[in-house]
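Encoded as structure tokens, the structure appears first; notes follow it.
Residue numbers (the numbering used here): 54 to 552.
Structure follows, in structure tokens:
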């Protein structure tokens, strides 16, 4: 803090807090304690230092959560369906109930993310979902496989909200978009690695003690446990507790991110903020957009290998031919992260990714089965749809103020992703095999709907900011009581929505 007489006093902050019934953010307490710390820190170098310590761990967590989901996709073409005697819609139901578990446990995560450090909660859950993945190797029928996948969904439920909240603790709103993209690249890498891993394990001879798909579950589950342990140990709870930052660097960082107007850490759970979120139009528009977007994601996660196999490729080649899907995901994720950082206008870049996904859905739906190249191109292009989810996560982090409200919104938006992934696989019905035309048409329709609702959300933000008027020029942002008083975006009149 400053010592020039213009620093925040706890009395002044307490007045604001009394008006909002909120609590003091722990970041303000740290700044107040170190108000005389001399700050001469290069923000660019500091940001680079944080990137190398934080982003790789988040990237590994997201890579493993996608791999642990998508191996069911690969196991389906590796003999799992036959080994477990899955009939009719059994496979679809297993894929669906993973996301049902995710959806059901998103909201309880709000409380734990409020009272337990997000980094520790994330690390612990990664360890447990790794164990759940490995246990899938012991499945001997539909019921036991279903149980293992349900537990996987329970522990994976924290991944979206945790990474969203952790990112908001370390970066400004404009810096968050590319960082969200960096850790979200784990999805594309997971697609590439998953194809290669599946191809490798398919070379295990039929007479082996364990089938290739079972060994794949054990190996990836064990690797996930290692990632969880590293996350638990090495990911700091908050910037204030990072052992590799000096006090001057911590103060500089907190001043830098104060422009977010969203605080860093506040352990008090407030029911009134949940009620405010439930009355907030932006939450419903975002939920609808993410649900529509995620229907296609559910198709990509669960059925891409099956679609490739149905146009004439054997199991091994289906795994390999699915790998370019990851490259497409990586390209569009990097594209949208860079574009948002340089040009903002998140809504426009979401729609820019949806257009190729719609084209991909059309190629899948209307080309004859004999046109392998065209159908493959369609399957690959649909993967463009995974990139906009990072923008919705970024929007959630940037546009919901108040610790409880932001955590609740993060959980609901992540739950919306799960809901879309529940709907997606259910569009694949056994009676529609092998072309699955209704499911392919659903990809096109839901993407068009997402583009429309995204534009409506953009217009809402423009209207809300115009209603509040121009932000007055005042003292440095970090000196303003509103920054650390734990107020929501509705209560804080200095808050402006990003779009």
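All C-beta atoms in this analysis are idealised placements derived from N, C-alpha and C, irrespective of residue type, glycine included.
Determine the extent of the alpha helix (DSSP H) in which residue 136 is found, giving its start and end residues.
-> 133-136
Is residue 552 helix, strand or coil when you go by DSSP?
-> coil
Residue 404 and residue 507: beta carbons closer than 8 Å?
-> yes
Taking contact to mean at least 3 C-beta pairs separated by less than 8 Å, is the stretch 81-101 in contact with the stretch 302-315?
-> yes
Simplified DSSP assignment, three categories, for residue 119 = helix
Nearest CA to the CA of residue 378: which residue from 411, 86, 438 and 521?
-> 438
Output yes if chain C places a C-beta closer than 8 Å to the C-beta of residue 126; else output no.
-> The chain inventory of the structure shown lacks chain C, comprising one protein chain alone.
Examine the Cβ distances between the stretch 222-233 and the stretch 420-438 and report whether three or more of them are shorter than 8 Å.
-> no
Return yes when the Cβ of residue 185 is within less than 8 Å of the Cβ of residue 205, no when it is not.
-> yes
List in chain order: all unbroken beta strand (DSSP E) runs of 3+ residues lying wholly within the stretch 336-381.
-> none
If you compare alpha carbons, which of 459, 345 and 197 is closest to residue 138?
-> 197
Cβ neighbours of residue 491 in the same chain (closer than 8 Å, five flanking residues each side left out) = 480, 482 and 485
Looking at C-beta atoms only, is the number of pairs between the stretch 126-143 and the stretch 100-118 that lie closer than 8 Å three or more?
-> no
Per-residue DSSP class, three states only, for residue 323 | coil
Residue 264 and residue 187 look like a contact to me (Cβ under 8 Å); what is the Cβ gap, rounded to whole Å?
-> Not quite, the Cβ-Cβ distance comes to about 15 Å (not below 8 Å), so this is no contact.
Of all the options 499, 459, 495 and 455, which has the alpha carbon lying nearest to the alpha carbon of residue 544?
-> 455
With 16 as the cutoff for other CB atoms within 10 Å, does residue 74 come out buried or exposed?
-> With a pLDDT of only 42 at residue 74, under 50, the local geometry of the prediction cannot be trusted, and the value read off the model is given with reservation. Residue 74 should be labelled exposed.
Contact check, residue 368 vs residue 255 under 8 Å by CB: the rounded distance?
-> 6 Å
As assigned by DSSP and simplified to three states, the class of residue 423 = coil
Spatially closest choice to residue 251 from 493, 216 and 270, by CA coordinates = 270
Nearest-angstrom Cβ-Cβ length linking residue 452 and residue 335, presumed shorter than 8 Å | 6 Å
What's the C-alpha gap between residue 475 and residue 287?
-> 34 Å
Straight-line gap, residue 87 to residue 443 (C-alpha atoms, nearest Å) = 35 Å
Assuming residue 503 contacts residue 345 under a Cβ cut-off of 8 Å, what Cβ separation, rounded to an integer in Å, is found between them?
-> 4 Å
Measure the C-alpha to C-alpha separation of residue 552 and residue 505 and round it to an integer number of angstroms.
-> 15 Å
Rounded straight-line distance, which links the Cα of residue 312 to that of residue 528 = Any reading at residue 528 is ruled out, since the residue's pLDDT is 47, under 50, leaving its predicted position unreliable.
Measure from the alpha carbon of residue 407 to the alpha carbon of each residue in 211, 498 and 180, then state which is nearest.
-> 498
Sub-8 Å separation of residue 465 and residue 340 beta-carbons | yes
Out of 283, 546 and 144, which has the shortest C-alpha to C-alpha gap to residue 108?
-> 283
How about residue 500 and residue 411: do their beta carbons lie closer than 8 Å?
-> yes
Alpha carbon to alpha carbon, how far is residue 343 from residue 440? Give it in angstroms, no decimals.
-> 12 Å
Between the CA atoms of residue 522 and residue 154 - distance to the nearest angstrom = 43 Å
In chain order, what residues of the same chain lie with their CB nearer than 6 Å to the CB of residue 189, ignoring the 5 residues before and after it?
-> 201 and 270
Under the rule that 16 or more other beta-carbon atoms within 10 Å means buried, what is residue 266, buried or exposed?
-> buried
Check residue 193 in the structure and name its three-state DSSP category.
-> coil
Is residue 453 helix, strand or coil by DSSP?
-> coil
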